[in-house]
Amino acid sequence: MSPNPWAEAPAHVGTPDEREARVPRRSHGRSTAPLSAAQRVLRRLHRLDLHGGMASRPVGLRLHGPLDVMALGRAIEEVVRRHEALRTVFRDDADGPVQVVQPVGPVPLAGVDLRAHPPAEREAEAMRVAAAESRRPFDLAVGPMVRALLIRIDAQDHALVLSMHHMSADAWSAVILLHELAALYGAFASGASSPLAELPIQYADYAAWE
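Counting in the numbering used here, the sequence shown runs from 2 upward without gaps.
So, in structure tokens, the structure goes:
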């Protein structure tokens, strides 16, 4: 098996808080929920952000060594499947704003190849591409709420940029997502299935309970 470029990914961040056990699941098949208090504030801030980049939460990873791009794409799709918040959009209905969980679907892994650039310029160009990607605005009513971009610097040097809206992920949840992504990539690259258990609750469950 090829060396795992995720070797320096964050360690496991701990078990869920016991309070989560008291949060009831939404009715089976229900795809909508009210906004949480935090989401209501963030939605108002989003509307004040004329350029749409203030609420972006980009996560960048440098991946050294052989990279299985197909396994990486599968791992990203599995993370988005597991976490409804990453495929949730925000709309208005008769009762006010709601969050709507979108069906599971493909998550494109966009790519930029910098190997045509002189080696001395690739680092700066990678930073420029990553910064431009992180500033792209989000459409809260349409989505997607997470975007993945893989920058190829050379054959064994890549940068992965995951851009998420703050209504879908905060700094703490980003650490959890990176841990899961590392575990899933390692499993898929070796031909194994997902080692992660299904989540007992989703963020929309918490919002409905709140």
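Just so you know, even glycine gets a beta-carbon here, dropped at the ideal spot from N, CA and C.
Quantities reported herein were computed from a predicted structural model and do not represent experimental measurements.
For residue i, is the classification buried or exposed, using 16 other Cβ atoms within 10 angstroms of its Cβ as the cut-off for buried?
{"i": "Ile77", "result": "buried"}
{"i": "Ser194", "result": "exposed"}
{"i": "Asp206", "result": "buried"}
{"i": "Gly181", "result": "As written in the sequence, residue 181 is Glu, which differs from the Gly given in the question. Buried is the call here."}
{"i": "Arg48", "result": "exposed"}
{"i": "Ala198", "result": "exposed"}
{"i": "Ala190", "result": "buried"}
Just to confirm, are residue i and residue j a CB contact at a threshold of 7 Å?
{"i": "Val101", "j": "Val113", "result": "no"}
{"i": "Leu36", "j": "His167", "result": "no"}
{"i": "Glu126", "j": "Ser164", "result": "no"}
{"i": "Leu151", "j": "Leu115", "result": "no"}
{"i": "Ala209", "j": "Ala34", "result": "yes"}
{"i": "Ala183", "j": "Pro196", "result": "no"}
{"i": "Ala170", "j": "Arg82", "result": "no"}
{"i": "Tyr186", "j": "Ala95", "result": "no"}
Name the DSSP bridge partner or partners of residue i?
{"i": "Pro196", "result": "None, per the DSSP bridge assignment."}
{"i": "Leu36", "result": "DSSP output for Leu36 lists no bridge partner at all."}
{"i": "Val113", "result": "Ile152"}
{"i": "Pro98", "result": "Asp93"}
{"i": "Val147", "result": "Met165"}
{"i": "Ser57", "result": "His166"}
Taking only three categories from DSSP, how would you classify residue i?
{"i": "Ser174", "result": "helix"}
{"i": "Ala10", "result": "Here the model assigns Ala10 a pLDDT of 46, short of 50, so the residue's position is not dependable and the matter cannot be decided."}
{"i": "Phe189", "result": "helix"}
{"i": "Ile77", "result": "helix"}
{"i": "Val162", "result": "strand"}
{"i": "Leu62", "result": "strand"}
{"i": "Asp93", "result": "strand"}
{"i": "Ala68", "result": "Residue identity check: residue 68 is Leu in the sequence provided, not Ala. Three-state DSSP puts Leu68 in coil, outside helix and strand."}
Between the stretch 140–152 and the stretch 86–95, are three or more C-beta pairs nearer than 8 Å?
-> At 8 Å Cβ cutoff, the stretches touch.
Inter-stretch contact (C-beta, 8 Å, three-pair minimum) for the stretch 112–132 and the stretch 177–187 = Cβ pair count under 8 Å is below three, so no.
Inter-stretch contact at 8 Å, needing at least 3 Cβ pairs: the stretch 57–66 / the stretch 151–162 | Counting Cβ pairs under 8 Å, three or more are found: they touch.
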